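Novice: Listed in order, the protein sequences are those of chains A and B. The opening position of the first sequence corresponds to residue 211 in my numbering, with each subsequent residue numbered one higher. The opening position of the second sequence corresponds to residue 211 in my numbering, with each subsequent residue numbered one higher. Beta carbons: idealized from backbone N, C-alpha and C, even for Gly. Everything numeric in this text was worked out from a predicted model, so none of it was measured. To start, I am sharing the structure in question, which I have written as structure tokens.
There are 2 protein chains.
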Amino acid sequence: MTDPVLKQLVDNQYITDPRSAKGKLMRAAAHLFKTRGYERTTVRELGAAVGIQSGSLFHHFKSKEDILLSVMEETIIINMARMDDALSKAPDAKSRLLALIQCEINSVHTDTGEAMSVLVYEWRSLSKDKQPLILNLRNQYEALWLTTIKESADLGLIQQDPFILRRLIAGAIGWSSTWYRPDGDLSLEDLAKNTLLLAIKE
Amino acid sequence: MTDPVLKQLVDNQYITDPRSAKGKLMRAAAHLFKTRGYERTTVRELGAAVGIQSGSLFHHFKSKEDILLSVMEETIIINMARMDDALSKAPDAKSRLLALIQCEINSVHTDTGEAMSVLVYEWRSLSKDKQPLILNLRNQYEALWLTTIKESADLGLIQQDPFILRRLIAGAIGWSSTWYRPDGDLSLEDLAKNTLLLAIKE
DNA sequence: AACAATACCAAGCAAGCGCTTGGTTTACAA
DNA sequence: TTGTAAACCAAGCGCTTGCTTGGTATTGTT
């Protein structure tokens, strides 16, 4: 765990230690949920992925849905912490915007990548009474984006409505999980620059 | 069926008549697959949605997956035909680009909207041996986009790599299915203009 | 060494799933 | 009016699913 932001979250018990049994299970779950989909993934597969019986899962989580919920919850928490950190280090409006773009691209394509896909694509699989919990976290997440975009808009760097622009960019970045290949010609750095170009042409 | 493009497809038997029992079933399936997800949707629900027994579905389709496949297949065919039509009527490069953006936005938010969401979000639910069939159609679809974007790029209207730009735009438009509300302040026309602004600033 | 708490196993249950089957109704042409 | 094909029903089969249960290792603390 080289990431200090992550370390602090674990120490403060905001998230599960990735090295613990439960943490490993969540990572395996994110992988299976992304590649096979939540519904198609069986508790037997989940158990096998970490080398335990299917029934033993229910010692750590009270239901299959609870696994999904935990994966989603912790992913948002991690990435919000990283965004906060990046924002505090960026000197001006444009670099703050780029910082958020980089954060979101990283969230989709590095350690939390599979969990982020699950967050986006498996939303419907959450029962109605669990959705508000995630929705609330997402709103906090989006608030960070909006204030940052508005800052650029007030400086005249952006021609579009901040709400609309954010949603267009969210789609553009999120969709990259389906086509971007880390072993290809395009670096994450360049992908971020291309994405920034959607908002600001210089 | 007021759309002449649609009418011709039906007459030439490229797609199922939407007024037939089979056509209605496909529309109901698209609705359920979008709102509940393919896996969560049961054949009993599908039957109930059109007022028949679950077993009777298998008179029209040989499996549940076959329903999904048909929905996806016909949706691409319909929207490719509409794109062809719109492209042939647009006078210059920039208006051709706008035409495609409008087509894709319409495809997501009008009659084929739910089916388009299914096409995007339920891809994984197709078995590996059926995926190439849809992939092939998607490639044709994307070819239309690429030639159109390249045309604008050659004229210097676009600063980005056409491949990358297309994918960013595809994400931006596709994602709008999750947030756009037809009864809100933003018209589809304005959404298209905002999307065009991602590619071309004037 | 003794104990408690945690982590896990082996077995299986109840429910729901996609799909099949054999037979009946409906639609329409000859 | 009769014949034929398409459309549908009623019933249920075989299987998989998420989850429970009662018991056994494993781990860490004193």
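1. How many Å lie between G218(B) and K304(B) at the Cα?
2. So which residues of chain A does Y331(B) contact, with C-beta pairs closer than 8 Å?
3. Quick check on E314(A): does DSSP put it in helix, strand or coil?
4. Identify the contact partners of Q370(A) in chain B, using a Cβ-Cβ distance below 9 Å as the criterion.
5. If you measure beta-carbon to beta-carbon, which residues of the stretch 347 to 367 of chain B are closer than 8 Å to chain A?
6. Please go through the same chain and pick out, in chain order, the residues whose beta-carbon is closer than 7 Å to the beta-carbon of D295(A), but skip the five residues on each side of it.
7. Just to confirm the assignment, what range does the alpha helix (DSSP H) spanning W385(A) have?
8. Can you tell me whether L375(B) is buried or exposed, with buried defined as 16 or more other CB within 10 angstroms of its CB?
9. Determine the direct distance from the alpha carbon of L354(A) to that of L347(B), and round the result to whole angstroms.
10. Here's the rule I'm using: 16 or more other beta-carbon atoms within 10 Å means buried, otherwise exposed. How should S298(B) be labelled?
11. Roughly how many whole angstroms lie between the Cα atoms of K272(B) and A231(B)?
12. Just checking, does the stretch 320 to 334 of chain A make contact with the stretch 239 to 253 of chain A on the three C-beta pairs under 8 Å criterion?
13. Along chain A, in chain order, which residues have C-beta atoms closer than 8 Å to that of K338(B)?
14. To the nearest whole angstrom, what separates the beta carbons of L242(A) and N404(B), a pair I think is in contact under 8 Å?
15. Starting from the C-beta of S204(A), find all residues in its chain whose C-beta is less than 8 Å away, skip the five residues before and the five after it, and write them out in chain order.
16. Taking only runs that begin and end inside the stretch 319 to 355 of chain B, name each unbroken alpha helix (DSSP H) of 4 or more residues, in chain order.
17. Could you check which residue in L408(B), A240(B), G381(B), L345(B) has the C-alpha nearest to that of Q420(B)?
18. Thinking C-beta only, is M282(B) closer than 8 Å to G329(B)?
19. Hey, how far is the Cα of G265(B) from the Cα of V253(B)?
20. For L356(B), which residues of its own chain have a beta-carbon under 8 Å away from its beta-carbon, when the five flanking residues on both sides are left out?
21. Quick one: residues in its chain with C-beta nearer than 7 Å to the C-beta of T285(B), no 5 flanking neighbours on either side, listed in chain order?
22. Can K411(B) and K360(A) be called in contact, C-beta distance under 8 Å?
23. Using the three-state DSSP reduction, which class does Q369(A) fall into: helix, strand or coil?
24. Apart from the five residues just before and just after A402(A), which ones in its own chain have a Cβ nearer than 7 Å to its Cβ?
25. Rounding to the nearest angstrom, what Cα-Cα distance links A240(A) and Y390(A) in this structure?
26. To the nearest angstrom, report how far apart I212(B) and S362(B) are at their CA atoms.
27. Taking CB distances under 8 Å as the criterion, tell me whether K274(B) reaches chain A.
28. Using a cut-off of 9 Å between C-beta atoms, extract the partners of S386(A) located in chain B.
29. What residues of chain A sit near E249(B), judged by a beta carbon separation below 9 Å?
30. Hey, could you find the ends of the alpha helix (DSSP H) F268(A) is sitting in?
31. At 8 Å on the CB atoms, spell out the chain B contacts of I374(A), in chain order.
32. Does the beta carbon of K234(B) come closer than 8 Å to any beta carbon on chain A?
33. Shorter than 8 Å from the beta carbon of K411(B) to some beta carbon of chain A?
Specialist: Answer, in terms of the structure:
1. What sits at residue 218(B) in the sequence shown is Gln, not Gly. Between the alpha carbons of Q218(B) and K304(B) lies a gap of roughly 28 Å.
2. Those within 8 Å of Y331(B) in chain A are Y331.
3. Of the three classes helix, strand and coil, the one that applies to E314(A) here is helix, per DSSP.
4. Those within 9 Å of Q370(A) in chain B are N404, L407, L408.
5. Sequence-ordered contacts of the stretch 347 to 367 of chain B with chain A are nonexistent [C-beta pairs closer than 8 Å].
6. Counting only residues of its own chain and dropping the five nearest sequence neighbours on each side, D295(A) has a CB closer than 7 Å to the CB of V215.
7. Residues 372 to 389.
8. Counting C-beta atoms within 10 angstroms of its own C-beta, L375(B) has 16 or more neighbours from the protein chains shown and is therefore classed as buried.
9. If I take the Cα positions, the gap works out to 39 Å.
10. Exposed, since its Cβ has fewer than 16 Cβ neighbours within 10 Å.
11. The alpha-carbon of K272(B) is positioned some 15 Å away from that of A231(B).
12. The answer is yes - the stretch 239 to 253 of chain A touches the stretch 320 to 334 of chain A, with three or more Cβ pairs under 8 Å.
13. Per Cβ cutoff of 8 Å: no residues; K338(B) is ~12 Å from chain A at best.
14. Between the beta-carbon of L242(A) and that of N404(B) there is about 37 Å, and that puts the pair past the 8 Å contact cut.
15. What is shown of chain A runs 211 to 412, which leaves residue 204(A) out entirely.
16. Taking only runs of at least 4 residues, the alpha helix (DSSP H) segments lying wholly in the stretch 319 to 355 of chain B are 323 to 331.
17. Any property of residue 420(B) remains undetermined from this structure, which presents chain B solely from 211 to 412.
18. Note on identity: in this sequence residue 329(B) is Leu, with Gly being the wrong assignment. A Cβ-Cβ contact shorter than 8 Å links L329(B) with M282(B).
19. Distance between G265(B) and V253(B), taken at the CA atoms: about 8 Å.
20. Sequence-distant partners of L356(B) (beyond 5 residues in either direction) whose C-beta falls short of 8 Å from its own C-beta, in its chain, are P372, F373, R376.
21. Taken in chain order, the residues that qualify are T322, A325, M326, L329.
22. Going by beta carbons, K411(B) and K360(A) fall outside the 8 Å limit.
23. Shown here, Q369(A) sits in coil according to DSSP, grouped into three states, outside any helix or strand.
24. Excluding positions up to five away in sequence, the list reads L308, I311, Q312, I315.
25. Whole-angstrom Cα-Cα distance: 18 Å.
26. Per the sequence presented here, residue 212(B) reads as Thr, with Ile not at that position. For T212(B) and S362(B), the gap between their C-alpha atoms comes out near 32 Å.
27. K274(B) does not count as touching chain A.
28. Around S386(A), the beta-carbon contacts reaching into chain B at under 9 Å are R377, L378, G381.
29. Chain A residues near E249(B): G247, Y248, E249, R250, S335.
30. Annotation for F268(A): the continuous alpha helix (DSSP H) segment containing it runs 267 to 270.
31. Neighbourhood of I374(A) in chain B, by CB distance below 8 Å: L396, L401, N404, in chain order.
32. No - not a single Cβ of chain A is within 8 Å of the one on K234(B).
33. Yes, contact with chain A.
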